[in-house]
Amino acid sequence: MRHLLDTSAAVSPRRFLLWVGDTADAELALARSGLAGLVPVVEADTPELAADMALPGQLSPAIVLLAAALPGQWTLADAVRLSRRWPLAPVVSVATSLIDGRRRSGPPLPGVEEVPWTDLPGRVAWWLHVMAAGRPGTLGMPATARREERIMEAAVRIREWPTPQRSRPSISVAAARTGEVECLVDLLSVAGTQVVRRTCGRPALDEPADVLVWDVSALAPAHLAWLQILSANRPGLRVVLLDSFPRGDSTTAALRAGAAAVLARPVSLEALAGTLLRLETASIGLGGGQDRG
Numbered sequence: 025m026r027h028l029l030d031t032s033a034a035v036s037p038r039r040f041l042l043w044v045g046d047t048a049d050a051e052l053a054l055a056r057s058g059l060a061g062l063v064p065v066v067e068a069d070t071p072e073l074a075a076d077m078a079l080p081g082q083l084s085p086a087i088v089l090l091a092a093a094l095p096g097q098w099t100l101a102d103a104v105r106l107s108r109r110w111p112l113a114p115v116v117s118v119a120t121s122l123i124d125g126r127r128r129s130g131p132p133l134p135g136v137e138e139v140p141w142t143d144l145p146g147r148v149a150w151w152l153h154v155m156a157a158g159r160p161g162t163l164g165m166p167a168t169a170r171r172e173e174r175i176m177e178a179a180v181r182i183r184e185w186p187t188p189q190r191s192r193p194s195i196s197v198a199a200a201r202t203g204e205v206e207c208l209v210d211l212l213s214v215a216g217t218q219v220v221r222r223t224c225g226r227p228a229l230d231e232p233a234d235v236l237v238w239d240v241s242a243l244a245p246a247h248l249a250w251l252q253i254l255s256a257n258r259p260g261l262r263v264v265l266l267d268s269f270p271r272g273d274s275t276t277a278a279l280r281a282g283a284a285a286v287l288a289r290p291v292s293l294e295a296l297a298g299t300l301l302r303l304e305t306a307s308i309g310l311g312g313g314q315d316r317g
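Start counting the sequence shown at 25; every next residue gets the next number (my numbering).
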């Protein structure tokens, strides 16, 4: 049995996550590392071990993450076991890229929402903040809810958030086509952010913003090369890449080239808002100083 507690700036000192399953898989390891700094994480290899764990002082995890390196690794009985052990904790399935191309006629596990590994850190960050505020969120929606319904619900909840006293990070947007740029600007506007530059094509080296959201469509070596140059010129710029087919190796290469995060296309509003929230919190934790090149 594994127990791993992060030393993190927790949203609430009482909250923690329960990770059930593999962390050796490259994609799941990246998803797991992206949770660092949010709240403590307790790990267990299997649902059986998780259900038998003694968690002193903790009544229930905030979220149970059922991580599967292979499709079909966990069954409905596993999810039911965890739900019976912690009735108030939502169970979320974490899926790797091996599910791509699978026929989808509903969630693989009835009643359990499935989240792509790339979206997990951002969506968990957003869910935790919604929980800390005592507000309802999309985590309580039926697992069969359509993407459009989740976007509308997330948009309502994001609008309800009070404007923070500190200034929000400024955002630049870049994408290959004008329509994609405008879609990103609309999505970021719903998330309550300020877009200071829109670029159709490759982002410039003099990006004026704190954060760049760059839709690369399909990540290629040319994108990584430009990202390295951009990071060298603007070391304080936090770059969020949007990739249609993110994989463990390509995401690792992007992170090494200077990306702060890689999200899947089409991007989830919660994943994007939560990622920006993570970056903002990390910046504050480092003192808020950013090199503006």
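Ideal Cβ placement from N, Cα and C applies to all residues, glycine included.
The alpha helix (DSSP H) that contains E231, what's its start and end? In the sequence shown, the residue the question calls residue 231 occupies position 207. Premise fails: E231 is in no alpha helix (DSSP H) and is neither H nor E.
Figure out for me which residue from G260, A256, R192 and V264 has the closest Cα to the Cα of A199. Here residue 199 refers to the residue found at position 175 when the sequence shown is read from its first residue. When each option's Cα is compared against that of A199, the closest is V264.
If you draw a straight line from the C-alpha of G309 to the C-alpha of R109, how long is it? Working through the sequence shown from its first residue, we reach residue 309 at position 285. Working through the sequence shown from its first residue, we reach residue 109 at position 85. Interpretation of G309 is limited by its pLDDT of 46, a score under 50 that renders its predicted location unreliable; the figure taken from the coordinates is listed afterwards. Straight through space, the alpha carbons of R109 and G309 are spaced by roughly 35 angstroms.
Using the rule of at least 16 other Cβ atoms within 10 Å of the residue's Cβ for burial, across every protein chain shown, is L261 buried or exposed? The residue given as residue 261 occupies position 237 in the sequence shown. Classification of L261: buried, given that the 10 Å Cβ count is 16 or more.
If I'm right that R302 touches D267 with Cβ under 8 angstroms, what's the distance once you round it to whole angstroms? If you number the sequence shown from 1, residue 302 lands on position 278. If you number the sequence shown from 1, residue 267 lands on position 243. About 18 angstroms separates the two Cβ atoms, so there is no contact after all.
C-alpha gap between V154 and T162, whole angstroms: Residue mapping note: residue 154 aligns to position 130 of the sequence shown, counting from 1. Residue mapping note: residue 162 aligns to position 138 of the sequence shown, counting from 1. Between V154 and T162, the C-alpha separation is close to 9 angstroms.
How many angstroms separate the CA atom of I195 from the CA atom of G216? Position 171 of the sequence shown, counted from the first residue, corresponds to residue 195. Position 192 of the sequence shown, counted from the first residue, corresponds to residue 216. Between I195 and G216, the C-alpha separation is close to 11 angstroms.
Closest Cα partner of F269 within the set T223, T142 and E173: Position 245 of the sequence shown holds residue 269. Taking only the C-alpha atoms, the option nearest F269 is T142.
Please classify V209: does DSSP put it in a helix, a strand, or coil? Counting from one through the sequence shown, the residue named residue 209 turns up at place 185. DSSP places V209 in helix when its eight states are reduced to three.
Pick out whichever of A246, L89, V116 and A149 has its Cα sitting closest to the Cα of L225. Numbered from its first residue, the sequence shown carries residue 225 at position 201. Strictly speaking, residue 225 in this sequence is Gly, with Leu absent from that position. Looking only at A246, L89, V116 and A149, the smallest Cα-Cα distance to G225 is reached by A246.
Can you check whether the CB of V115 is closer than 8 angstroms to the CB of V139? Locating residue 139 in the sequence shown gives position 115, counting from the first residue. Locating residue 115 in the sequence shown gives position 91, counting from the first residue. Result no, Cβ atoms of V139 and V115 do not sit closer than 8 angstroms.
Keeping to the same chain, check which residues put their C-beta closer than 7 angstroms to that of L144; ignore five residues upstream and five downstream. Here the question's residue 144 lines up with position 120 in the sequence shown. A55, G58 and V118, listed in sequence order.
Minimum C-alpha distance to L133 - residue among A92, R192 and D76: Looking up residue 133 in the sequence shown gives position 109. Distances from the alpha-carbon of L133 to those of A92, R192 and D76 put A92 closest.
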